[in-house]
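To start, the structure itself, in structure tokens.
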Amino acid sequence: MTESLFKISGGYVYDPKNEIDGQVKDLWVQDGKIVEPPTDPTTRPSKTLNATGFVVMPGGIDMHCHIAGPKVNTARKMRPEEKRQAEPVERSAISHSGTMGSVPSTFATGYKYAGLGYTTAFDAAVPPLSARHAHEEFEDTPCIDKGFYVLMGNNHYIMKAIQEHEPERLRSFVAWLLGASKGFAAKLVNPGGVEVWKHHQAGNVNTVDQEVDFYNVTPRHIIREMSRTVDELRLPHSVHIHCNNLGLPGNWTTTLETMQALEGHRGHITHIQFHSYGGGDGDEDTLNSKVTPLAEYVNSHENITVDVGQVMFGETTSMTGDGPLGYFLHNIYGTKWFSSDTELESGCGIAPIKYRNKSLVHALQWAIGLEWYLQVHDPWRVVMSTDHPNGGSFLAYPQIIRLLMDRTYRQDVLKTVNPGIRERSSLPDLDREYTLNEIAIITRAGPAKILGLTNKGHLGIGADADITIYAPHENKETMFELPRYVIKSGQVIVEDGEIRETLNGHTLHVAPDYDRDVEENIADWFEQYYSIRFRNYPVSDGYLHKPQKVACRSNI
Amino acid sequence: MTLQLRYKGSTNVPVEVEGITPCSLRDKTLAEIEQCTIFHGNDKVPLAEFFDVSGTASNEEMQWLGDLSGVHWIGAKMLRGKISIHGNGGRHIGSELQGGEIDVEGNAGDWVGAEMHGGTIHVRGNAGHLIGAAYRGSARGMTGGRILIDGNVGNEIGHTMRRGLLAVGGNAGDLAAFNMLAGTILVFGESGIRHGAGMRRGTLGFFGNNSPPLLPSFQHACRYQPEFVPLLFAQLKGHDFVVPEHLFTTEFDLYHGDLIEGGRGEILTVAA
Chain A
1 MTESLFKISG GYVYDPKNEI DGQVKDLWVQ DGKIVEPPTD PTTRPSKTLN
51 ATGFVVMPGG IDMHCHIAGP KVNTARKMRP EEKRQAEPVE RSAISHSGTM
101 GSVPSTFATG YKYAGLGYTT AFDAAVPPLS ARHAHEEFED TPCIDKGFYV
151 LMGNNHYIMK AIQEHEPERL RSFVAWLLGA SKGFAAKLVN PGGVEVWKHH
201 QAGNVNTVDQ EVDFYNVTPR HIIREMSRTV DELRLPHSVH IHCNNLGLPG
251 NWTTTLETMQ ALEGHRGHIT HIQFHSYGGG DGDEDTLNSK VTPLAEYVNS
301 HENITVDVGQ VMFGETTSMT GDGPLGYFLH NIYGTKWFSS DTELESGCGI
351 APIKYRNKSL VHALQWAIGL EWYLQVHDPW RVVMSTDHPN GGSFLAYPQI
401 IRLLMDRTYR QDVLKTVNPG IRERSSLPDL DREYTLNEIA IITRAGPAKI
451 LGLTNKGHLG IGADADITIY APHENKETMF ELPRYVIKSG QVIVEDGEIR
501 ETLNGHTLHV APDYDRDVEE NIADWFEQYY SIRFRNYPVS DGYLHKPQKV
551 ACRSNI
Chain B
557 MTLQLRYKGS TNVPVEVEGI TPCSLRDKTL AEIEQCTIFH GNDKVPLAEF
607 FDVSGTASNE EMQWLGDLSG VHWIGAKMLR GKISIHGNGG RHIGSELQGG
657 EIDVEGNAGD WVGAEMHGGT IHVRGNAGHL IGAAYRGSAR GMTGGRILID
707 GNVGNEIGHT MRRGLLAVGG NAGDLAAFNM LAGTILVFGE SGIRHGAGMR
757 RGTLGFFGNN SPPLLPSFQH ACRYQPEFVP LLFAQLKGHD FVVPEHLFTT
807 EFDLYHGDLI EGGRGEILTV AA
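For the record, the sequence lines run as chains A and B. For reference, each letter of the first sequence is one residue, going 1 to 556 in this note's numbering. For reference, each letter of the second sequence is one residue, going 557 to 828 in this note's numbering.
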């Protein structure tokens, strides 16, 4: 018997990256990694898990969610009424207690992701000034590997470097900022628009070509220069873009122009559902789906990937680095609202929202999300997300899977929502059904590829032994909402929904090389404008809990 | 014999008895009642660890005895029945009450009748802050029922109150009816400042000898004798609540506000 050798035998393995589509296969695990089967036939594993009859997939990867940092924490504090009503997460001998609602507490977030078969998640919007806070919350988010994207789309230094046509300084700053915050990717949220919001009452940019006050740059400039910079740095993930004009009727043209502004560089358009609306003049009555022309553009441009930001019906909390969006939602729904200004870096807006299936707008948002899954031909370039918690909780993923895999169920649900969407969306005419292999792509293999995580999203030799084992069921929602086993780094952490181990995952970050001479200039900038001294800003390696540096790509 | 729970604890750590209501215990045996779970801090313990239990709950009545000022959530979410607290009670008495009666012989803590929907709570002594209020983050406070406090109360009573009656025989602190949506709050003693800030509708009555200063966003409308006031007072007297006789015939000054929120609320003060 070989110590620490773990065999998972006889399962139907779905590993799209290695072109394994439901074949019966044994997996061998050692030291948290998938390893070659022993060549010596007499070798016996120290532990065997009989997965005969079960479906085996890599652990899920949520590439766009909001689970840590100041906005999430503020949202938790804003929604005590939700937490009082939600079923509490009870503590056990090995796990902490927690609270649920649309913004679960840190420990509960880790347990619930693991319970759903997800082993990696990325917070999509952290101001670098608050990176330390996000890392502290990550330390209290067990069971999963995690990382965050750094808000850069309204950063004054970045806009100044673009304004002054200094691409090398921009490149060095972006690399320095990612390293200093221990972030994973560059995020643009309403590029330029948040800065305009800070200067004008109800301000925002309306097009990608509107100039930002004081910097004489436009969103198009920011998108083009940042996508080029990220490619030049060969970061594992492309620039991650929350487009301008989120949620507004007629915003699909802005989204199309954003894609065009990439000028062939890699770009990930996030929660694209919220950016695919026809109609005009801010009039919600004119709202309709423009997924078809946008999906055609995505289908014909391989530099672009998307995640959906699916809306699911029910109560949730919108949280965003898009300050004017928070104000917009507060005005529409008359709910409480939080807005903040992170000095030279970003903004933030938070407002509760309830998506109702009888509302034409909400039903259309739901339908548009599903259209995106069904109209992008290549599943490797569309990723499942609810923009947790903006469109709904990550706990809704099993229901989305059922909607994608079962068109009869989809049509049944369609009958229960506002009938007005039939003339405004192509969803009723779409009869595509996802296969298990395609589900494995949009929930794990695809996001891993898009994020440049070579050890994740697959079950090949050398991959992280993050594995989810499901009991097959005709109802795919039932199948995916309660995995039989979840294995993280080679350890069984969940069994039938019960937490068995609470190991802490890694914090994934990048540390790209850059010209160190830029630091003097950045230090001067800090001393002049920031509320924090330059030397106190970077998050040191020692501050992170189980850091894991992800290498830049060898080529783009 | 009515169910009696006699407190025998001597802890400074809060004891929380949420869910221990007459209707929830109605069909339980004494042994089962003793094993009902309560919280001592964050520890779950059986009820019998802190209370001597006797009698039966079959008549949907229960009595709490002893100094219960460290025992919280008595009668919370009660649907029906009657609770008598012979002594002082802690915080959150009758929180989210749906129906039935709660009578407190002594004093009560904060959050009495918070977010209650129906029923009656009568505190014979003083009570704390945020009586009948909304819990932090909630859209509305008490939405129905009646809270009668014979003694004094603290700040922010009726915070975001939506419906129902809250009457205070003694003095009140500051910020009564903050963000009030509707309902009635009557204070028969002296009171603090900034009442009715952000109120949209509803009625506040300040009937002490000295009328409180009102916010500038309240506008004097008239001096009159509203017909509904004596009816309201008579109803209060019918619930064993003391109303000074002279108030039945006095004149009141009517103010409208909060004008920032439309000015559909009203404040009555005794005409000087």
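All C-beta atoms in this analysis are idealised placements derived from N, C-alpha and C, irrespective of residue type, glycine included.
Where the beta strand (DSSP E) through residue i begins and ends
| i | result |
| --- | --- |
| W620 of chain B | E617 to L621 |
| H362 of chain A | Unbroken run through H362 of chain A is the alpha helix (DSSP H), L360 to Q375; no beta strand (DSSP E). |
| A121 of chain A | Y118 to V126 |
| G110 of chain A | Segment T106 to G115 is the alpha helix (DSSP H) holding G110 of chain A; no beta strand (DSSP E) there. |
| G813 of chain B | F808 to G813 |
| E712 of chain B | No beta strand (DSSP E) contains E712 of chain B, which DSSP labels as neither H nor E. |
| G60 of chain A | G60 to C65 |
Buried/exposed call for residue i, threshold 16 Cβ in 10 Å
| i | result |
| --- | --- |
| M557 of chain B | exposed |
| D123 of chain A | buried |
| R692 of chain B | exposed |
| G53 of chain A | exposed |
| F784 of chain B | exposed |
| Y529 of chain A | exposed |
| C778 of chain B | exposed |
| R581 of chain A | This structure cannot speak to residue 581 of chain A, because chain A is shown only from 1 to 556. |
| L704 of chain B | buried |
| L731 of chain B | buried |
| K47 of chain A | exposed |
| H362 of chain A | buried |
| P249 of chain A | buried |
Residue i, enclosing alpha helix (DSSP H) - first and last residue
| i | result |
| --- | --- |
| N331 of chain A | G323 to Y333 |
| I589 of chain B | L586 to E590 |
| H473 of chain A | Premise fails: H473 of chain A is in no alpha helix (DSSP H) and is neither H nor E. |
| N73 of chain A | P70 to M78 |
| M226 of chain A | P219 to L233 |
| H199 of chain A | G193 to H199 |
| F173 of chain A | P167 to S181 |
Residue i - DSSP class collapsed to helix/strand/coil
| i | result |
| --- | --- |
| N504 of chain A | coil |
| C579 of chain B | helix |
| A396 of chain A | helix |
| M479 of chain A | helix |
| G347 of chain A | strand |
| I8 of chain A | strand |
| V239 of chain A | strand |
| E520 of chain A | helix |
| V311 of chain A | coil |
| Y409 of chain A | helix |
| E498 of chain A | strand |
| L262 of chain A | coil |
| E657 of chain B | strand |
| Q273 of chain A | helix |
Candidates the options, of which the one nearest residue i by Cα
| i | options | result |
| --- | --- | --- |
| S651 of chain B | B:E817, B:L731, B:I576 and B:L581 | B:I576 |
| Q781 of chain B | B:L803, B:L792 and B:T716 | B:L803 |
| M226 of chain A | A:L482, A:R171, A:H133 and A:I441 | A:R171 |
| F480 of chain A | A:G505, A:T39, A:K33 and A:M57 | A:M57 |
| L129 of chain A | A:E136, A:E433, A:K358 and A:E343 | A:E343 |
| A121 of chain A | A:P127, A:M63 and A:T106 | A:M63 |
| I144 of chain A | A:P512, A:D515 and A:V492 | A:V492 |
| H648 of chain B | B:P570, B:H776 and B:D706 | B:P570 |
| K638 of chain B | B:L603, B:R582, B:E605 and B:G662 | B:R582 |
| T585 of chain B | B:A613, B:F595 and B:A828 | B:A613 |
| N303 of chain A | A:M319, A:N455, A:S554 and A:E263 | A:E263 |
| N357 of chain A | A:N155, A:A367, A:A131 and A:W525 | A:A367 |
| Q619 of chain B | B:H812, B:H642, B:G701 and B:F744 | B:H642 |
Heavy atom of the ligand MG within 7 Å of residue i beta-carbon
| i | result |
| --- | --- |
| T254 of chain A | With respect to small molecules bound, the structure shown includes none, and the ligand MG cannot be examined in it. |
message: Across the segment 746-755 of chain B and the segment 765-776 of chain B, are there enough close Cβ pairs to call them in contact, namely three or more that are closer than 8 Å?
response: yes
query: Are the segment 321-328 of chain A and the segment 297-308 of chain A touching, with three or more C-beta to C-beta distances below 8 Å?
result: no
- prompt: Would the segment 370-377 of chain A and the segment 333-341 of chain A be scored as touching if the rule is three or more Cβ pairs under 8 Å?
  reply: Not touching, per the Cβ criterion.
message: Check whether the segment 329-338 of chain A and the segment 392-407 of chain A touch, using three or more Cβ-Cβ pairs below 8 Å as the test.
response: no
The segment 273-280 of chain A in contact with the segment 183-198 of chain A per 3-pair CB rule at 8 Å: Output reads no: the segment 183-198 of chain A does not touch the segment 273-280 of chain A.
Three CB pairs or more closer than 8 Å across the segment 412-426 of chain A and the segment 499-509 of chain A: no
- prompt: Does the segment 662-681 of chain B come within contact of the segment 705-716 of chain B, defined as at least 3 CB pairs closer than 8 Å?
  reply: With three or more CB-CB distances shorter than 8 Å, the segment 662-681 of chain B counts as touching the segment 705-716 of chain B.
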